[in-house]
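If you count by my numbering, then the sequence shown holds residues 1033 to 1124, one letter each, in order. Ideal Cβ placement from N, Cα and C applies to all residues, glycine included.
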Amino acid sequence: MLLVAAICVSLIEGSPRALPGVALGSPVLLHAERVLALVGVVIAALSVLVQAARGRLPVELSTSGLRYEAEAADDVRSGGSTNPALAHRPAS
């Protein structure tokens, strides 16, 4: 149902006269990219809402994703980090 809704939204919006470079000159590719972007945003929003309904709100947003308070507290207790960029850093 989400996929059908995203396709409908993209078709209703139509194609601009000058297609953006990311569409590579193809209106079909432009619609496919729009659909994928809309589906991704909706899934991300729904996952945050589901976790919020369970009483868990994100405390950090990074390139590796969302991080919740329980995960952050576990890292503090163990003295480690789930962030690969920080995991191999020598202690000062």
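Nearest residue (CA-CA) to residue i, options the options
i     : options                       : result
C1040 : A1084, V1054, L1051 and V1071 : V1071
A1050 : P1059, S1042 and I1044        : P1059
L1034 : E1092, A1076, L1056 and G1046 : A1076
G1087 : Y1100, A1037 and S1094        : Y1100
Where residue i falls, given that 16 or more other Cβ within 10 Å makes a residue buried
i     : result
L1078 : exposed
V1067 : buried
A1037 : exposed
The beta strand (DSSP E) enclosing residue i, as first and last residue numbers
i     : result
L1093 : P1090 to S1094
R1049 : Counting along the chain, R1049 falls outside any beta strand (DSSP E), and DSSP gives it neither H nor E.
L1098 : G1097 to Y1100
8 angstroms Cβ shell around residue i - same chain, five flanking residues per side excluded
i     : result
P1090 : V1080, Q1083, L1098, R1099 and Y1100
Same chain, Cβ closer than 6 angstroms to residue i, five either side skipped, listed in chain order
i     : result
P1052 : none
S1042 : H1063, R1066 and V1067
Residue-chain proximity (residue i, chain C), Cβ-Cβ < 8 angstroms
i     : result
L1089 : Reference to chain C is not applicable here, since this structure consists of a single protein chain.
Sequence-distant residues of its chain with Cβ nearer than 7 angstroms to residue i (five each side left out)
i     : result
L1061 : A1055
G1057 : L1051
V1128 : Absent from the structure is residue 1128, since the part of the chain shown begins at 1033 and ends at 1124.
Enclosing alpha helix (DSSP H) for residue i [first to last residue]
i     : result
R1066 : P1059 to A1085
A1037 : L1034 to E1045
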